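Beneath this line is the structure, given in C-alpha cells, with notes to follow.
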Amino acid sequence: MLGREVARDLVLQAADVVKLVAPSAGTTGVIGKRFLDGLLPHRRLRLSTGKVRSAVSRYAGRQDDGRPDVRLPVTALDVAILEPAGDLPAVSCDDRYIPHADRRRQRVLDLLHAEPDRHWHTRDLARHLGGITLTMYDQLDRWAAHGLITKTGPATYRSPRT
C-alpha cells in the first residue's frame, strides 16, 4: 500500500525522480529511498508455482511461465522510468463532422433502401461496404432497435419501407 502511494505521489510529479538523494546513497533515487524507508516486515515468500497435491490433476503439466520451481528470495528490483507517450493525434476519428452521405449509417440505409424487399445478411453488407467490424454488428442491432432498419433474422436486415 505504501509503495503504491509513494509511487503515485512521486511519479505524478516526476521531476528529479532519478536524482540521487545523497552521494552515499548509491543509485537509489527519491522513490527508492522513500519506498525502502517504509517497507513492511518480511512475509512468507510466495514466488514459486504451487505444487498440486492430487495425483490426478486437471492441469496437464506446469507451464513454463518464467517463475522458478522453488522459492527464492528477492535480491534486487529493477524499476524502469519511461518517457511519457507522445501527444495525441491532431486528427480525430469522430464522424460528427463528416457529411451525412459519407457516414456508415447513411451508406447502409442507402443500400437497404435501394432494394427494400431484399433481406440483407451482414456478410452481404460487408461486401458492398468494403469490410465490416464487430462494432458494426452492434450498430446494426441498435439501428434495428431504434426502428431505422428491420431485423428479420439472425444477422439479417432489410429496409423498414416494405
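Reading the sequence shown from the start, the letters are residues 1 to 162 in the numbering used here. No residue lacks a Cβ here, since even glycine has one placed at the ideal position from N, Cα and C. None of these values were measured; they are calculated from a predicted model.
For R104, the enclosing alpha helix (DSSP H) covers residues R104 to A114.
About 6 Å separates the beta carbons of R107 and L129, which is inside the 8 Å limit, making them a contact pair. T122 places its beta carbon 8 Å or farther from that of A144. In this structure, R158 lies away from L125, with their beta-carbon atoms at least 8 Å apart. With a 10 Å radius around the Cβ and a threshold of 16 neighbouring Cβ atoms, L39 comes out exposed. In the three-state scheme derived from DSSP, where H, G and I count as helix and E and B as strand, G32 is classed as helix. R158 is bridged by DSSP to T150.
A straight-line Cα-Cα distance of about 52 Å links D9 and I149. Of V30, D37 and V74, the smallest CA-CA separation from R43 is found for V74. Counted as a single uninterrupted DSSP element, the alpha helix (DSSP H) harbouring A126 occupies residues T122 to L129. Counting other Cβ atoms within 10 Å of its Cβ, G131 stays below 16 and is therefore classed as exposed. Around the Cβ of I81, a 10 Å sphere holds fewer than 16 other Cβ atoms; the residue is exposed. The three-state reading of DSSP puts A7 in helix, counting H, G and I together.
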